[in-house]
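**Q** In terms of the UniProt record's numbering, the sequence shown has 125 at position 125, counting the first letter as 1, and numbering is strictly consecutive.
My questions all concern the structure below.
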Amino acid sequence: MAFNLVYKRFGERSVLIEWPSVINEKTLFDVLAFKDKILKSNIEFIVNINHAYNSLLITYENLKIDFESQLSSLQKIYNHKNNYEQPKFTQWHIPVCYDAVFGVDLEILSKAKNISKETIIEQHSQAIYTVYFIGFLPGFLYLGGLDDTLHFPRKETPRLKIEKGAVAIGGHQTGVYPCESPGGWNIIGNTPIPFFDVKKDNPCFATSGDRIKFYPISLKKHHEIKTLVDAGVYQLESEVVHG
């Protein structure tokens with residue numbers, strides 16, 4: 001599927017490429033495939049490529065790039081979409097404890113939505129979420145795929161401290177706080193899995209396009225897994241999936 005892309009000069013050293021303002025997997029995979037093709041094309045003077053939900057920002061080394069020339073090169077790359085290989089991603093299985101000790105906002109969501117806490121947990125853990133991009137905090141995954149019935153606005157007054165591993169809902173998204181921080185999302189559980197570890201070669205195990213599948217665990221199991229994680233011997237479950 002080809003999209004009508006908009007190419008814009010963005011300051012003196014960058015080009016911004018925009019897709020239609022719709023957040024979905026087709027757009028995401030097109031963004032990621034185009035980004036991958038650009039990287040493999042070894043275009044001279046490119047120093048960085050960042051992506052968001054529906055855009056790419058390409059930054060060049062040269063202070064005064066030839067915009068028209070770069071535009072032509074980029075369009076040629078995109079027009080060869082049929083040569084894109086089907087992308088492979090990883091689906092990660094993340095244990096979550098939804099116990100009241102951690103899920104401090106479950107009761108609020110339950111009353112506001114007029115559904116049981118058990119239903120919230122079931123719906124949240126049954127979905128398969130897509131990683132759109134990483135930001136806000138190192139290792140904070142912006143996940144798409146939250147069931148419509150669980151959409152819930154962020155808090156008007158953010159908490160000053162949210163625990164590392166907190167699993168939360170904010171608007172139409174769900175996510176995991178990779179470290180202790182302030183935040184306004186609604187906390188429904190906690191995972192003992194670290195989402196960012198500076199001691200590892202790859203500090204964040206997931207990347208854009210990957211999938212996240214949560215599964216419920218007990219408070220006791222949470223403690224057991226955390227002990228294994230702290231000892232450096234826990235193996236995170238995963239499998240390869242196609243985009």
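Heads up, the beta-carbon is just placed ideally off N, CA and C, and yes, glycines get one too.
Predicted model, so just to flag it, every value in this text is computed and none were measured.
Starting from Val-229 and walking both ways along the alpha helix (DSSP H), at which residues does that stretch end?
**A** Looking at the DSSP string, the run of the alpha helix (DSSP H) that includes Val-229 is 219–230.
**Q** From this set, Ile-120, Phe-152 and Gln-91, which residue's C-alpha is nearest His-172's C-alpha?
**A** Phe-152
**Q** Return yes when the Cβ of Trp-185 is within less than 7 Å of the Cβ of Arg-154, no when it is not.
**A** yes
**Q** Give me the Cα-Cα distance between Ile-16 and Phe-10, rounded to the nearest whole angstrom.
**A** Looking at the sequence shown, residue 16 is not Ile but Leu. Approximately 6 Å between the Cα atoms of the pair.
**Q** Which residue spans inside the segment 8–96 form an unbroken alpha helix (DSSP H) run of at least 4?
**A** 25–41 and 67–79
**Q** Out of curiosity, what's the CA-to-CA distance linking His-124 and Val-101?
**A** 18 Å
**Q** On the CB-based measure, 16 or more other CB atoms within 10 Å of its CB, does Leu-106 come out buried or exposed?
**A** buried
**Q** DSSP state of residue 247, grouped into three classes?
**A** Because the chain is modelled from 1 through 243, residue 247 falls outside the range shown and cannot be assessed.
**Q** Give, in chain order, every unbroken run of the beta strand (DSSP E) that is at least 3 residues long and sits entirely within the segment 138–212.
**A** Assignment of beta strand (DSSP E) within the segment 138–212, counting only whole runs of 3 or more residues, yields 141–144, 159–162, 166–170, 173–176, 181–183 and 186–190 in chain order.
**Q** So, with DSSP's three-state summary, where would you put Ile-108?
**A** helix
**Q** When DSSP labels each residue in this structure, what does Ser-238 get in the three-state scheme?
**A** Three-state result, Ser-238: strand.
**Q** Which class does Ile-134 belong to by DSSP, given the choice of helix, strand or coil?
**A** strand
**Q** Since Ser-125 is in the alpha helix (DSSP H), which residue starts that stretch and which ends it?
**A** Boundaries of the alpha helix (DSSP H) around Ser-125: 117–126.
**Q** Let me check understanding here. Comparing Cα to Cα, which of Gln-75, Trp-92, Asn-24 and Lys-35 lies closest to Ser-238?
**A** Trp-92
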